[in-house]
Amino acid sequence: MATFSKKERVIAAILSATPGLKAFLKSIYISINAKLHKKDYIIKLMEQPVQITLIDPLISFDTTSETFGGYYDIATVNNMGQVLSHLSSDASVNLPSDSVPVDITITNIHDGTTKKIAQSKAYNWQQGTRLHWLNEELFVFNDFNEDLKRYESKLFSAKENSLIKTFDYPVQAVYKDQYFLSINYQRLLSMRPDYGYRSLPPLQQSELTNLKNDGIWKIDYASGIAKMLHTIEDVVNVEAKDIFKDCTHKLNHLIIQPNGKGFMFIHRYFQGKRRFDRLMYSDFETIKVVIDEEYVSHCYWLDNETILGYLKANGENGYYYLGLNGVATLCPEMTQLQLGDGHPSCFGDWIVFDSYPDKSRMQKLFLFNRKTKEIHCLAELFQSTKYKNETRCDLHPRFSTSGEYISFDTVYQGKRRQQIIDIKSILSI
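Mapping the sequence shown onto my numbering, position 91 (from 1) lands on 1085, and the numbers just tick up by one.
Encoded structure:
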């Protein structure tokens, strides 16, 4: 297996202090390795103990466009087998265009019927429009209001096939049909364009340094009333460091606790080109640092008290079970695969996670049971070197609301398509 070694990852981490040089050297190194380690296949699916097949929900509706679901922390398949997708007429090897909207579609996985619901210009290739289910009927996504020149979110009913409500704030994280959390996507466009939208310009430096009027908002679904929970300045003042005054700050990757009583988020700050991370927790009143060893990547709630994440703890990068008290326990089964960072999503005792492309440009999709310790490599899929940086296609695996399906995005066929795996046969073993 041509994975990148620990030594190679250490070198990459050192080069992170000079992003321009790192990007140049990385591109050359990846291209050379892709040729040296090229496989004679572009997809390999698990055959034992059960045969895995892929379901393309839009295959009978549109085979020419690109389709995708979104990020690993949201469900695009509900209990009734309805699949939410983005459909793009523009090639996703290009940067998203503010002049080319994506279609929002719903597909019945049982009979293959698809209907277009709406369009949106507030999207990116990594997280889409934050399109996902609130319950078995309602779903939400972000859009851009051309008249008011603002990002907003829209609540739709699949049952009524109609718009229920429009909110003045774009969605980042949702708790059922009770409330959602919002952040500033213009700040993301300025500091991490992978996750920003392009209908409004990036913030100017003077706006980036204004931490008093930017932060995290909570919006009530019933009333539409918005409340600023925390400013970025509030976050920066928690266990403040001397270097903070010289840094540019952003907040991202908000994920709400299963019981809805709080949420985690990443405070990411840059001193020049050097990046630092802190994982934070809020109960809507107070903020605390969960872990601060300078590196936090992708996390998910395992239960109300435990986070699973790829991060640095006790001086080493790996997958950890992390308590809200900051105590981190290594997950050896996932870490010892030596695949590096990935995107974990949890449902009960099951964890689905992916890997970034290895030297042969193959990505892997795994299903792991933390109680029985069984681990299945569900799929191995090719990603061309033409997909990189903002146009890369991470698998971003996510469970359906029932836990019986896994959906993910892949470009193994040369275009971005959302795929689904029925895992009921695995769960019944």
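C-beta: ideal position from N, C-alpha, C; glycine also.
_I need the straight-line Cα distance from D1214 to Q1332, nearest angstrom please._
In this structure, the straight-line span from the alpha carbon of D1214 to that of Q1332 is close to 42 Å.
*Counting Cβ pairs, one atom from each stretch, are 3 or more of them under 8 Å apart for the stretch 1057 to 1075 and the stretch 1120 to 1128?*
The stretch 1057 to 1075 is in contact with the stretch 1120 to 1128.
*Give the secondary structure of A965 by DSSP, where H, G and I count as helix, E and B as strand, and everything else as coil.*
Here the chain covers residues 995 to 1423 and nothing more, so residue 965 does not appear.
*May I have a chain-ordered list of the beta strand (DSSP E) segments no shorter than 3 residues that lie completely inside the stretch 1073 to 1126?*
Those beta strand (DSSP E) runs which fall completely within the stretch 1073 to 1126 and span 3+ residues are 1076 to 1082, 1096 to 1102, 1108 to 1114.
*Shortest alpha-carbon distance to T1099 belongs to which of K1029, S1114, S1276?*
The option with the nearest alpha carbon to T1099 is S1114.
*Beta-carbon separation (whole angstroms), S1059 vs S1083, contact threshold 8 Å*: Rounded, the Cβ-Cβ distance is 6 Å, consistent with contact.
*Contact check, S1396 vs I1414, beta carbons under 9 Å*: No, they are not a contact pair.
*asked:* Rounded to the nearest angstrom, what separates D1034 and A1028 at their Cα positions?
replied: Inter-residue distance for D1034 and A1028 is about 12 Å (C-alpha atoms, whole angstroms).
*Contact under 9 Å by Cβ, L1296 with V1284*: Result no, Cβ atoms of L1296 and V1284 do not sit closer than 9 Å.
*Beta-carbon spacing of I1226, D1240 below 9 Å*: For the 9 Å CB-CB criterion, I1226 and D1240 do not form a contact.
*Between I1022 and F1376, is the Cβ-Cβ spacing less than 9 Å?*
Not closer than 9 Å, so no.
*For R1269, the first and last residue of its enclosing beta strand (DSSP E)*: Run containing R1269: 1268 to 1276, per the beta strand (DSSP E) assignment.
*asked:* Tell me which residues share the same chain as N1118 and place their Cβ nearer than 7 Å to its Cβ, disregarding the 5 neighbours each side in the sequence.
replied: Within the same chain, N1118 has close Cβ partners P1090, D1188, Y1189, G1190, Y1191.
*Please name the residue, chosen from G1075, H1292, S1086, D1277, that lies closest to N1246 on a Cα-to-Cα basis.*
Here the closest residue by C-alpha is H1292.
*Go through the stretch 1309 to 1352 residue by residue and report every complete run of the beta strand (DSSP E) that reaches 3 residues or more, in order.*
Taking only runs of at least 3 residues, the beta strand (DSSP E) segments lying wholly in the stretch 1309 to 1352 are 1310 to 1317, 1322 to 1324, 1339 to 1341, 1344 to 1348.
*asked:* With a threshold of 8 Å, are at least 3 pairs of Cβ atoms found where one atom belongs to the stretch 1378 to 1397 and the other to the stretch 1038 to 1057?
replied: Counting Cβ pairs under 8 Å, fewer than three are found: no touch.
*Exposed or buried, which one is F1018 when buried takes at least 16 other CB atoms within 10 Å?*
Its Cβ having fewer than 16 others within 10 Å, F1018 is exposed.
_Segment limits, beta strand (DSSP E) that includes K1221_ = Taken as a continuous stretch (DSSP letters only), the beta strand (DSSP E) holding K1221 covers 1220 to 1225.
_I1260 versus L1318: straight-line alpha-carbon distance, rounded_ = Computed Cα separation, rounded: 14 Å.
*Note down, in chain order, each residue of its chain lying with its Cβ closer than 6 Å to the Cβ of P1252, except the 5 sequence neighbours on either side.*
Cβ within range, chain order: W1295, N1298.
*Going along the chain, which residues of its own chain have a beta-carbon closer than 7 Å to the beta-carbon of K1206, five neighbours each way excluded?*
The beta carbon of K1206 lies closer than 7 Å to those of T1225, E1227 in the same chain, with the five residues before and after it left out.
*Would a C-beta distance cut-off of 9 Å place K1159 and G1254 closer than the cut-off?*
K1159 places its beta carbon 9 Å or farther from that of G1254.
*Ignore the nearest five residues each way along the sequence and tell me which others in F1270's own chain have a CB closer than 6 Å to its CB.*
Around F1270: Y1263, E1288.
*Throw me the rounded Cβ distance for the S1176 and L1202 pair, which I believe falls under 8 Å.*
Contact doesn't hold; Cβ gap of about 18 Å is too wide.
*Ignore the nearest five residues each way along the sequence and tell me which others in L1194's own chain have a CB closer than 6 Å to its CB.*
Taken in chain order, the residues that qualify are Q1180.
_Suppose the cutoff is 8 Å on Cβ atoms and the five residues either side in sequence are ignored; what does the same chain contact list for M995 look like?_
Here M995 scores only 44 on pLDDT, less than 50, and its place in the model is too uncertain to base an answer on.
*asked:* Just verifying my parser: in three-state terms, what is the DSSP assignment at L1175?
replied: Strand.
*So is D1236 buried or exposed if we call it buried at 16+ other beta carbons inside 10 Å?*
Around the beta carbon of D1236, a 10 Å sphere encloses fewer than 16 other beta carbons of the protein chains shown; the residue is thus reported as exposed.
*Since A1373 sits in a beta bridge, which residues does DSSP pair it with?*
DSSP, once it has assigned bridges, lists L1039, L1359 as partnering A1373.
*Are the beta-carbon atoms belonging to V1077 and S1419 less than 9 Å from one another?*
No; because the gap between Cβ atoms is not below 9 Å, this pair is not in contact.
*When the Cα atoms are used, what is the spatial distance from E1327 to G1303?*
Straight-line Cα distance between these residues: approximately 13 Å.
*asked:* Which residues does DSSP list as the beta-bridge partners of Y1145?
replied: Paired residues: F1138.
*Give me the Cα-Cα distance between S1217 and V1165, rounded to the nearest whole angstrom.*
Cα-Cα distance, rounded: 15 Å.
*Where I1210 and L1324 are concerned, what is the direct C-alpha to C-alpha distance, given to the nearest angstrom?*
In a straight line, the C-alpha of I1210 is about 30 Å away from that of L1324.
_Measuring only the C-alpha atoms, how far is K1244 from D1403?_
Straight across, the Cα-Cα distance linking K1244 with D1403 is about 27 Å.
*Measuring alpha carbon to alpha carbon, tell me which of L1132, N1102, D1092 ends up nearest N1139.*
Distances from the CA of N1139 to each of L1132, N1102, D1092 were compared; the closest alpha carbon is that of D1092.
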